[in-house]
Each structure stands twice: as C-alpha cells, then as structure tokens.
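Here is the structure we will look at.
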Amino acid sequence: MSAVDTSNDNKAQRQKQLQNWLKSFTRKATLTNTLASIFGVANGLLIIVQCWCLASLIHGLVMDAAPFSDVSQLAIIFVVSGVFRALCLYAKEWFGFKTGEIIRVTVRSQLLASMDRMGPAYISRFSQGHWSTVLIEQVEDIQDYYAKYLPQMRMAMFIPIFILVAVFPLNWAAGLVLLCTLPLIPLFMWLVGQGAADANKRNFIALGRLSGHFLNRLQGIETIKRFNRQAQQSKAIHEASEDFRSRTMDVLKLAFLSSAVLEFFAAISIAVMAVYFGFSYIDHLNFGHYGAGISLFVGLFCLMLAPEFYQPLRDLGTHYHARAQAVAAADSLYDVIHAKPTVSAQASSKIAETFGIGLVAKDMVVCSQDGQPLTQPINFDIKPGQAVAVVGPSGCGKTSLINALLGFLPYSGRLQNSPKLEQITWLGQSPKLFNGSIRDNLRVANQSATDQQLKAALIEANAAEFVNELDRMVGDQQQGLSVGQAQRIALARAMLKNASVILLDEPTASLDPENKQQVNNAIAQWQQQNTLIMVTHELPSNLVFDQIIRLQPLANKEVCS
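Residue 268 in my numbering sits at position 263 of the sequence shown, with consecutive numbering throughout.
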C-alpha cells in the first residue's frame with residue numbers, strides 16, 4: 006500500500022471517528038432531536054396530502070365538470086394541510102435549534118473542563134486568537150449540523166419512501182423513474198463532498214491563524230505605533246486575510262458544485278417524467294398504468310410529487326456543507342476535549358493535608374507535553390519553611406520547573422512530597438487581572454475573604470497607597486494601572502490564599518526599581534512563615550535564601566521516559 010493510500014485511509018478513519026463523536030452528543034438532546042425529525046417527516050406527509058387534494062380538485066373541476074361545492078372539501082383540506090405544514094416547519098426549526106443549543110452548551114462545558122484539567126502550560130501552546138476561534142466560532146459551526154443536517158438526513162430517508170408508496174400504486178413507470186434516479190443523487194453528492202471536510206479544516210486553521218495574528222497585533226498596537234511598524238504589520242494581516250479568503254472560496258466552490266449536481270439530476274428526472282406523461286396523453290406510450298389508463302389526476306399528482314421527491318435530498322445537499330463544517334470543527338474540539346495530562350505517576354502522589362511542605366527531588370527531568378526534556382536532571386532537598394532561589398541562564402528550564410511543581414508539566418525521576426495545588430500560591434512576572442473591581446480580582450484567591458482581609462492583604466503587598474476603594478474598576482489588560490501597581494495587586498491576591506508553598510516566577514522582572522523594591526519588601530515579610538521557591542535572574546538584596554538551585558542549559562535532547 007502506498008503512502009498516499011495510507012494517508013487517505015487515515016483521513017477516512019479520522020472523519021468516521023469524528024462523525025461518530027458528533028452523533029454521540031445527540032443523546033444529550035434526545036427529545037428535541039427526535040421531535041425535530043418527527044415534525045420534518047410530518048411536513049413531508051402533509052405535502053402528499055396537499056398534492057392529492059390539489060390534483061383531485063383540478064381533475065374534478067376540469068375532467069368531471071363538477072361544481073365547486075362538490076369539491077370544496079378538498080379545497081378546505083388543502084388549506085388546512087398548508088397551515089399544519091407551516092406549523093410543522095416552525096416546530097422542526099425550533100426543536101432543531103434547541104438541539105444545537107443544548108449540545109453547544111455541553112461541548113463548551115467540556116472544552117472549559119478540559120482546559121482547566123490540562124492547565125496553563127497546555128493553554129499557552131496556542132494563541133488567544135486560537136482559543137477564541139475554538140470556543141466561539143468552531144463551537145458555533147456545529148450548530149447547523151444538529152439543527153438542520155441531522156433532521157434533514159432523516160427526512161431524506163423517509164419522505165422519498167412515502168412518496169414512492171403513494172406513486173407506485175397509481176403508475177409504476179413514474180415510480181420507476183423516481184426509484185432509478187434516487188441513488189444517483191447521494192452518490193454524486195458523496196463524490197463531490199469528499200474533499201469538503203478537508204477544505205473546511207484548512208479554512209479553520211487559516212481563521213485561527215488570522216484571529217491570533219489580529220488579536221496579538223491589536224493588543225500591541227501602542228508598541229507597533231511607537232516603533233513605526235504599521236506598514237509591516239498591515240502587510241502581514243493582509244497576507245493572513247488573503248489566505249483565509251482563498252480557503253473560504255475553496256469551501257464555497259465545493260458547496261456550489263454539490264448544489265449544482267443535485268439540481269442537475271433532479272431536473273433531468275422531472276423532465277423524463279414529464280415527457281413520459283406527455284407522450285402517454287397523446288397515446289404514443291402505453292405502459293405503467295396497470296391497464297387503467299392515465300387520468301389527469303394521476304399525471305398531476307405524480308408530476309407535483311416529483312419535485313417534492315427530490316426536495317429532501319436537495320435540502321440535504323444544501324446542508325451537506327454544515328456536516329463538512331462540523332466535522333472540520335470537531336477535529337480541533339475533539340483533540341482539546343480528549344487531551345490527557347501526561348504528568349507522570351509521581352506527580353499524582355499527594356500527601357496528607359497536614360503537609361509539612363518539604364520537597365525532595367532526585368534526578369528530576371521536566372518534560373514537555375510530547376515527552377521532550379526541558380531541563381537537565383535536578384536534585385534538591387527543601388526543608389519546610391525554607392526560602393530557595395532558582396537561578397540560571399535563559400532557556401535552562403526555570404519556568405518549566407515551576408510548572409512541574411504546579412502539576413502542569415510531566416517529569417521523570419523522583420519528586421517526593423509534591424504538594425497539592427490547593428496548597429500552592431503562584432505569582433508570575435506578568436500580572437493577570439480581570440475586567441472588574443479590585444474586590445472581584447482579589448476574591449479570585451479566596452471567595453470568603455472579608456473586606457477587612459482584602460484591605461490587610463493590600464497593605465501587606467504595599468498596594469494600599471494607590472487603592473482608594475475596593476470598588477475601583479480595573480479594565481482589560483490591567484487598564485488604568487501601571488505594571489507595578491498591577492503586580493502588587495496580584496501579590497495581594499496571592500497572599501489571600503494562605504498557601505503553604507509560595508512559587509514565584511520572576512515577579513519583579515518587568516518592574517522599575519521603585520516597584521521592584523516595594524514587591525521584594527512585601528515578599529520578604531510574606532515568606533517568613535512559608536516555604537518559598539523563587540525563580541530569579543538577580544538575587545534580591547533584602548531576601549535571605551537558605552539554598553540556591555542553579556540550573557544549566559540542556560545539552561542532551563533525549564526523550565523523557
């Protein structure tokens with residue numbers, strides 16, 4: 006078997022896996038999903054009733070010269086059927102939308118749960134724009150699969166059968182035309198749509214790239230203007246936009262081609278039936294009517310049902326791109342939801358709640374999520390209450406060590422007495438404050454903290470001097486605060502957790518000397534009753550460390566075991 010055949014087989018298996026995964030969510034909305042299909046099929050049955058009434062009405066008025074009063078009941082049934090059809094269509098759309106809504110909520114909940122389980126080390130592998138695309142656009146793109154495609158697929162299965170059951174007893178030739186052309190439409194629709202999922206997947210990748218690129222540039226617009234890089238960044242965004250436009254057009258080409266194929270075969274089939282009835286009426290053809298002749302009723306009834314026979318399949322073709330779009334979106338959604346932490350078994354070993362916070366590492370090598378080593382073997386023995394500095398050149402794995410202690414990265418070797426996440430508080434070099442009041446930001450660490458405790462933490466973090474009230478609002482990206490002020494508020498939040506282990510990842514790296522001094526003073530007071538592990542390039546003069554762990558750059562790239 007060639008490499009191309011193997012690749013195609015893998016793609017087919019992957020698409021089948023994703024389709025089964027998408028269908029598995031229908032169990033979350035069984036009632037609404039079933040009702041959407043029932044009302045859709047009921048609409049098809051009412052179409053048959055309407056065609057029967059209309060054909061009988063015209064036959065009675067034209068061929069039998071019956072007064073309208075004799076056929077008025079048919080007219081009433083026709084109108085009432087039309088009203089019920091409208092109600093069925095509305096109910097089908099409403100229940101279909103509710104099905105998609107329920108499943109979208111479920112998928113988003115699973116995505117967020119998976120992201121929470123995997124931790125920031127996994128999330129940081131992708132841009133904010135990528136996650137925005139996954140959580141918003143790609144989840145929205147599965148809506149039509151449940152709201153329109155699945156109900157339409159069931160309608161395309163049942164309505165043509167009902168129409169054949171209605172047509173064959175009247176004229177087997179007309180029924181045979183419908184029956185023979187029926188398999189051609191899904192066959193060619195499948196052939197045309199073979200590359201639709203791949204095209205949609207490439208489109209999603211381009212959209213994620215464009216979203217991340219645009220969002221990152223928007224966040225750094227002040228820096229771009231300051232260094233006069235507008236032209237270069239505009240060109241980069243234009244190129245990403247053109248790539249997205251090109252891939253979108255590829256998707257649309259396939260969608261239009263699929264619709265054209267459906268329309269072509271439907272038109273040919275209806276034309277063949279019309280020619281058959283036309284020649285039968287002028288006595289050039291004499292078969293298909295079971296020896297009873299072809300009345301005006303039979304011809305009208307069959308010809309009116311012919312477009313309706315193909316309509317469910319044409320609508321399925323219209324919604325076929327929704328299936329391809331959903332499968333392409335599921336490719337990313339499935340990987341995120343089924344992502345599994347690769348943290349080694351040692352990392353899951355927890356000790357009692359009365360943990361004394363002493364850490365012992367022996368030949369510990371921190372690894373990436375895909376098993377690549379990020380540090381040289383690390384050895385240390387940290388006693389409870391000690392202050393430890395982790396130093397080393399850039400790229401030697403200092404932040405990776407912190408992530409491993411937090412449980413967000415796997416490792417090989419031994420780590421004894423690894424603390425629970427609830428026992429750890431962490432502060433990085435880039436403060437993360439959310440849009441809301443200072444009170445809201447502080448209570449992220451301790452929901453039950455009183456205002457007095459919040460103010461005490463601000464005082465301890467040397468942040469009370471610029472925080473006049475807890476209701477002061479903070480904008481996105483710490484808007485309204487300097488970097489140093491935001492870091493001191495983040496430090497106060499970390500203090501509120503009352504954790505036994507303090508992990509600090511270069512908390513003063515981006516601060517000016519004044520703010521750096523304020524933060525270091527607060528840390529010096531804070532760490533006196535706790536175990537402190539601090540990553541730093543420069544040892545603070547006002548902090549006394551019990552031991553210093555020096556990391557060296559990784560020279561050997563063997564895979565972690």
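Note that CB positions come from ideal geometry on N, CA and C, so glycine has one too.
As the structure is a computational prediction, the values presented were derived from the model and not from experiment.
Checklist entry - Just reading off the beta strand (DSSP E) that I507 is part of, what are its end residues? => result On the sequence shown, position 502 is the one that residue 507 refers to. Per DSSP, I507 belongs to the beta strand (DSSP E) from V506 to D510.
Checklist entry - In the structure shown, what three-state DSSP assignment does S515 receive? => result Indexing the sequence shown from 1 puts residue 515 at position 510. In the structure shown, the three-state DSSP call for S515 is coil.
Item to check | Where the alpha helix (DSSP H) through G418 begins and ends | outcome: Taking the first residue of the sequence shown as position 1, residue 418 is located at position 413. Unbroken run through G418 is the beta strand (DSSP E), Y416 to Q421; no alpha helix (DSSP H).
Item to check | Runs of alpha helix (DSSP H) wholly within the region 267 to 301 (minimum 4 residues, chain order) | outcome: none
Checklist entry - Below 9 Å between beta carbons: does that hold for F306 and A60? => result Here residue 306 refers to the residue found at position 301 of the sequence shown. Here residue 60 refers to the residue found at position 55 of the sequence shown. Going by C-beta atoms, F306 is nearer than 9 Å to A60.
Item to check | the region 370 to 381 touching the region 404 to 418, judged by at least three CB pairs closer than 8 Å | outcome: yes
Checklist entry - What whole-angstrom Cβ distance do Q514 and L438 have, given they're in contact under 8 Å? => result Here residue 514 is taken as the residue at index 509 of the sequence shown, counted from 1. Here residue 438 is taken as the residue at index 433 of the sequence shown, counted from 1. Per the sequence presented here, residue 514 reads as Ala, with Gln not at that position. Actually they are not in contact, since the Cβ atoms of A514 and L438 sit about 17 Å apart, beyond 8 Å.
Checklist entry - Apart from the five residues on each side of it in sequence, which residues of its chain come closer than 7 Å, Cβ to Cβ, to F44? => result On the sequence shown, position 39 is the one that residue 44 refers to. Here the set comprises C93, A96, K97 and F100.
Item to check | Coarse secondary structure for N208, derived from DSSP in three states | outcome: Translated into the one-based positions of the sequence shown, residue 208 becomes position 203. The answer is helix: DSSP assigns N208 an H, G or I state.
Next on the checklist: G390 and N535 - do their beta-carbons sit closer together than 9 Å?
Outcome noted: The residue labelled residue 535 in the question sits at position 530 within the sequence shown. The residue labelled residue 390 in the question sits at position 385 within the sequence shown. Yes, Cβ-Cβ distance for N535 and G390 is below 9 Å.
Next on the checklist: Here's the rule: buried if 16 or more other CB atoms are within 10 angstroms of the residue's CB, otherwise exposed. What is Y286?
Outcome noted: On the sequence shown, residue 286 is found 281 positions in, with the first residue counted as 1. Counting Cβ neighbours within 10 Å, Y286 comes out exposed, since fewer than 16 surround it.
Checklist entry - Tell me which same chain residues have a C-beta within less than 6 Å of the C-beta of Q552, skipping the five on either side of it? => result For this step, residue 552 is matched to residue 547 along the sequence shown. Closer than 6 Å at Cβ, skipping near neighbours: V393.
Checklist entry - Hey, quick one: how far does the alpha helix (DSSP H) through N446 stretch, first residue to last? => result The residue you call residue 446 lines up with position 441 of the sequence shown. That run of the alpha helix (DSSP H) goes I443 to L447.
Item to check | Cβ contact (3+ pairs, closer than 8 Å) linking the region 82 to 91 and the region 46 to 55 | outcome: yes
Checklist entry - Can you give the beta carbon distance from N451 to I494, rounded, assuming they're within the 8 Å contact cut? => result Along the sequence shown, read from residue 1 onward, the residue named residue 451 stands at position 446. Along the sequence shown, read from residue 1 onward, the residue named residue 494 stands at position 489. Wrong, their Cβ atoms sit about 14 Å apart, outside the cutoff.
Item to check | Counterpart residues of D386 in DSSP-defined beta bridges | outcome: Against the sequence shown, residue 386 aligns to sequence position 381. Partner(s): V365.
Item to check | Close Cβ partners of A468 (< 6 Å) along its chain, the five nearest in sequence each way excluded | outcome: As a position in the sequence shown, residue 468 is number 463, starting the count at 1. Correct list, in chain order: R493, I494 and A497.
Checklist entry - Three-state secondary structure (DSSP) at L432? => result Mapped onto the sequence shown, residue 432 falls at position 427. Here L432 sits in strand by DSSP.
Checklist entry - Exposed or buried, which one is K153 when buried takes at least 16 other CB atoms within 10 Å? => result Along the sequence shown, one-based indexing puts residue 153 at 148. With 16 or more Cβ atoms within 10 Å of its Cβ, K153 is classed as buried.
Item to check | Identified DSSP bridge partners for Q552 | outcome: Start at 1 with the first residue of the sequence shown, and residue 552 comes out as number 547. Note: Q552 sits in a beta bridge opposite V393.
Item to check | Whole-angstrom C-beta distance between F550 and L544, which should lie under 8 Å | outcome: As a working note, residue 544 is residue 539 in the sequence shown. As a working note, residue 550 is residue 545 in the sequence shown. Indeed they touch by this definition, with Cβ atoms about 7 Å apart.
Item to check | Status (buried if at least 16 other CB within 10 Å, exposed otherwise) for F269 | outcome: As a working mapping, residue 269 is identified with position 264 in the sequence shown. F269 is exposed by the Cβ-count criterion.
Checklist entry - So, is L51 buried or exposed, given that buried needs 16 or more other C-beta atoms within 10 angstroms? => result Numbered from its first residue, the sequence shown carries residue 51 at position 46. That one is buried.
Next on the checklist: Just to check my reading of the structure: A504 and Q421 have Cβ atoms closer than 8 Å, yes? What is that Cβ distance to the nearest angstrom?
Outcome noted: In the sequence shown, residue 504 corresponds to position 499, counting from 1. In the sequence shown, residue 421 corresponds to position 416, counting from 1. With 8 Å as the limit, A504 and Q421 do not qualify as a contact, their Cβ atoms being about 19 Å apart.
Checklist entry - Do the region 159 to 177 and the region 315 to 332 touch if we need at least three Cβ pairs shorter than 8 Å? => result yes
Checklist entry - Relative to the C-alpha of L414, which residue among F102, R122 and R113 is closest? => result Locating residue 414 in the sequence shown gives position 409, where the first residue counts as 1. It is R122.
Checklist entry - For the candidate residues L183, F173 and K345, whose alpha-carbon lies nearest to that of A271? => result Reading the sequence shown from its first residue, position 266 is the one you call residue 271. Out of L183, F173 and K345, L183 has the C-alpha closest to the C-alpha of A271.
Next on the checklist: To the nearest angstrom, how far is the alpha carbon of M500 from that of A466?
Outcome noted: By 1-based counting over the sequence shown, the position of residue 500 is 495. By 1-based counting over the sequence shown, the position of residue 466 is 461. For M500 and A466, the distance between alpha carbons rounds to 8 Å.
Next on the checklist: For Y295, count the other beta carbons within 10 Å of its own beta carbon; 16 or more makes it buried, fewer makes it exposed. Which is it?
Outcome noted: The residue you call residue 295 lines up with position 290 of the sequence shown. Exposed.
Item to check | Rounded separation between G293 and A327 - CA only | outcome: Here residue 293 is taken as the residue at index 288 of the sequence shown, counted from 1. Here residue 327 is taken as the residue at index 322 of the sequence shown, counted from 1. Rounded to whole angstroms, G293 to A327 spans 40 Å at the Cα level.
Next on the checklist: Using a Cβ-Cβ cutoff of less than 7 Å, which residues in the same chain neighbour Q557 once the five nearest sequence positions on both sides are dropped?
Outcome noted: Indexing the sequence shown from 1 puts residue 557 at position 552. Hits under 7 Å: Q381, G397 and C401.
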